[in-house]
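Visitor: Using this note's numbering, read the sequence shown as starting at 1 and increasing by one per residue.
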Amino acid sequence: MVTFITGFPGSGKSYFEIDKIYNIMSKNHTLSKTIEVIYTNINGLKYDKFPQNGIQLKKLNIDDFYRYLTESFALYEKYKNDDDVDSHLVEHSKKNNYYNSLIAFDECHDFLSNQDRIKVYWLTYHRHLYQEVDLLTQNKSLINSKYRAIPEIFIEAQPRSKKLLSNTLSYKHYASFAMRKSDLFTKSSIKTKKEIFALYGSGNTSKQKSILLKFILIIVVGLLITTLLFYLLLDSFNFFGSSKKDKDKSLKNDVKITNTVNNTTIPVSNNINSKLPSSKHSTFNNHDFNGFENYVFKVVFDSKEGYYIFNNYYSVIHFRKFLKATNSKVLSKYSVISTDTYKLNNLYVYTNDNALKKFFVLPKEDTNTNQNKSIEDIKINF
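Okay, here's the thing in structure tokens:
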């Protein structure tokens with residue numbers, strides 16, 4: 001069989017052939033049963049490093065080989081009309097030690113660049129000579145058109161830089177010289193081994209970095225950066241509640257407001273003082289309600305139920321919409337209970353009546369019992 005192997009320098013075409021030769025000589029290949037001698041002109045081959053199992057490995061002398069082919073063709077021309085023409089050819093091949101042989105012809109375009117009846121005879125009649133032929137070249141266009149249709153399998157080594165793993169060599173197998181997509185019938189791959197590289201001197205021993213791997217890393221980094229920027233954008237719109245910047249700004253030069261009802265102390269920004277008369281600063285528990293225009297309002301957050309406001313629970317999304325739409329601010333937050341599965345927090349929110357009326361159901365005033373607290377019940381200590 002004639003096999004045609006092509007590929008860019010460093011793609012692994014020489015490795016493919018040397019790996020094949022190594023396996024044949026190690027008796028791990030189907031051809032190990034028939035091949036008696038292997039000829040190759042691959043440069044830098046270390047012949048003494050190959051397994052010694054009775055199969056010969058020799059340097060292909062192109063001049064001697066062409067002389068053998070010339071003599072074989074002359075015998076064919078002489079006996080081609082006889083029934084025993086093959087016996088003459090086999091005897092001649094045995095005499096010249098080309099019987100049951102593998103011819104691994106590297107840079108074959110130099111040998112097959114011109115039309116030659118002897119070379120055509122060899123490639124078309126090689127089976128009768130009991131030979132296997134592997135033709136290797138970097139550029140298939142340099143092969144004369146006379147020989148292009150003869151090989152049975154056309155193998156293209158894929159560039160290593162386009163592979164995800166640079167220690168794996170990939171090959172596409174075609175049924176024609178054109179190597180069209182429709183001609184592709186299988187793919188194969190070989191994992192590189194140091195012992196194979198040690199058999200010959202090649203640039204393949206240097207590790208080539210995978211462009212595909214670089215591309216994937218760039219995509220991953222890009223996605224991480226995009227996700228981070230998207231998060232920061234949402235955070236800037238208060239999507240996740242008050243951002244750290246807003247909290248730092250609002251809590252600058254903190255003062256303390258003491259709620260004498262429940263004896264708790266919370267920090268409140270001086271920014272509130274600049275916006276409101278001091279007489280209207282108040283802190284209310286969320287069951288309290290008074291008609292003051294601005295005040296600090298206490299909200300309880302239950303991770304299982306939501307935000308507890310005026311005896312009703314509201315969702316996280318609803319509370320965030322309230323903050324964003326009304327410019328209300330969470331001045332501080334204190335954790336009461338915090339576990340892996342449950343959280344209970346007290347939040348102190350700076351807001352006003354109009355903002356609350358838009359988003360929450362407010363309690364009705366009970367004029368009979370006069371349950372609403374007076375501003376005098378709340379003391380502000382600076």
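All residues carry an ideal CB built from backbone N, CA and C; glycine is no exception.
Between the beta-carbon of R160 and the beta-carbon of G306, is there less than 8 Å?
Guide: Not a contact, by the Cβ cut-off of 8 Å.
Visitor: How long is the line joining the alpha carbons of L362 and F310, rounded to whole angstroms?
Guide: Going by the C-alpha atoms only, they are around 6 Å apart.
Visitor: How would you call G12, buried or exposed, if buried means at least 16 neighbouring beta carbons within 10 angstroms?
Guide: Buried, by the Cβ-count rule.
Visitor: Can you pull the DSSP bridge partners for L323?
Guide: The partner list for L323 (beta bridge, DSSP) is empty, contrary to what the question assumes.
Visitor: Using the C-alpha atoms, what's the distance from F360 back to I317?
Guide: Between I317 and F360, the C-alpha separation is close to 13 Å.
Visitor: Taking one C-beta from the segment 321-339 and one from the segment 347-355 each time, how about it: are there three or more such pairs within less than 8 Å?
Guide: The segment 321-339 vs the segment 347-355: in contact.
Visitor: Quick check: what's the CA-CA separation for P51 versus Y68?
Guide: Approximately 28 Å between the Cα atoms of the pair.
Visitor: G7: buried (16+ other C-beta within 10 angstroms of its C-beta) or exposed?
Guide: Burial call: buried.
Visitor: Count the other CB atoms, across all protein chains shown, that sit within 10 Å of the CB of K27; report buried if there are 16 or more and exposed otherwise.
Guide: So K27 counts as exposed.
Visitor: Please go through the same chain and pick out, in chain order, the residues whose beta-carbon is closer than 8 Å to the beta-carbon of Y147, but skip the five residues on each side of it.
Guide: L112, K119, V120 and L123, listed in sequence order.
Visitor: Please name the residue, chosen from Y313, I21, N41 and N345, that lies closest to D63 on a Cα-to-Cα basis.
Guide: If we check each option's Cα against that of D63, N41 comes out closest.
Visitor: Provide the residue(s) that pair with I38 in DSSP beta bridges, ordered along the chain.
Guide: L57 and L102, per the DSSP bridge assignment.
Visitor: Quickly, what does DSSP pair Q158 with across the bridge? List them, please.
Guide: Bridge partners of Q158: none, in fact.
Visitor: Below 8 Å CB to CB, which residues in the same chain sit around S415 once its five sequence neighbours on both sides are set aside?
Guide: The requested residue 415 is not part of the displayed model; the chain covers only 1 to 382.
Visitor: When you compare each of K59, Y295 and K49 to A104 by their alpha carbons, which one comes out closest?
Guide: With distances taken between Cα atoms, A104 lies closest to K59.
Visitor: Using a Cβ-Cβ cut-off of 6 Å (strictly less than) and excluding sequence neighbours within five positions of A175, which residues of its own chain qualify?
Guide: Around A175: D183 and F185.
Visitor: Per DSSP, F4 forms a beta bridge with which residues?
Guide: Partner(s): L135 and F154.
Visitor: Taking the Cβ atom as the reference point for each residue, do S297 and T341 lie within a distance shorter than 8 Å?
Guide: One point to set straight first is that residue 297 is Phe, not Ser, in the sequence displayed. Cβ distance not < 8 Å, so F297 and T341 don't count as in contact.
Visitor: Going by beta carbon distance, what residues of the same chain come within less than 6 Å of Y130, once the five residues before and after it are set aside?
Guide: Correct list, in chain order: Y99 and N100.
Visitor: Report, in whole angstroms, the separation of the C-beta atoms of K49 and L217, which I expect to be a contact under 8 Å.
Guide: Between L217 and K49 the Cβ distance is about 37 Å, and since that is not below 8 Å, they are no contact.
Visitor: Between F319, H126, Q158 and Y348, which lies nearest to T3 when the distance is taken from Cα to Cα?
Guide: Ranking the options by Cα distance to T3, first place goes to H126.
Visitor: Using three-state DSSP, classify N23 as helix, strand or coil.
Guide: Here N23 sits in helix by DSSP.
Visitor: DSSP three-state label for T192, please.
Guide: T192: coil per DSSP, three-state reduction.
Visitor: Between which two residues does the alpha helix (DSSP H) holding T30 run?
Guide: Counting along the chain, T30 falls outside any alpha helix (DSSP H), and DSSP gives it neither H nor E.
Visitor: Taking its Cβ as the centre, do 16 or more other Cβ atoms sit within 10 Å of Y39, making it buried, or is it exposed?
Guide: Y39 comes out buried.
Visitor: Hey, how far is the Cα of C108 from the Cα of T227?
Guide: In a straight line, the C-alpha of C108 is about 54 Å away from that of T227.
Visitor: Going by the CB atoms, is the gap between I5 and I24 shorter than 8 Å?
Guide: No, the pair does not count as a contact, with Cβ atoms beyond the cut-off.
Visitor: DSSP state of L112, grouped into three classes?
Guide: Three-state DSSP puts L112 in coil, outside helix and strand.
Visitor: How big is the Cα-Cα spacing for N139 and K194?
Guide: Between N139 and K194, the C-alpha separation is close to 27 Å.
Visitor: How many Å lie between H385 and L75 at the Cα?
Guide: The structure shown does not extend to residue 385, since the chain spans only 1 to 382, so no value can be given for it.
Visitor: Buried or exposed: Y47, going by 16 or more other Cβ atoms within 10 Å of its Cβ?
Guide: So Y47 ends up on the exposed side.
Visitor: At what residues does the beta strand (DSSP E) containing S72 begin and finish?
Guide: Taken as a continuous stretch (DSSP letters only), S72 belongs to no beta strand (DSSP E), being part of the alpha helix (DSSP H) at I62 to Y79.
Visitor: Verify whether the separation of the beta carbon atoms of I18 and I196 is less than 8 Å.
Guide: Going by C-beta atoms, I18 is nearer than 8 Å to I196.
Visitor: Return the CA-CA distance between A178 and T192, expressed in angstroms with no decimal places.
Guide: Roughly 28 Å between the two C-alpha positions.
Visitor: In terms of residues, what are the limits of the alpha helix (DSSP H) holding K119?
Guide: Element bounds for K119: R117 to Y125.
Visitor: Taking all protein chains shown into account, decide if L224 is buried (16 or more other Cβ within 10 angstroms of its Cβ) or exposed.
Guide: It counts as exposed.
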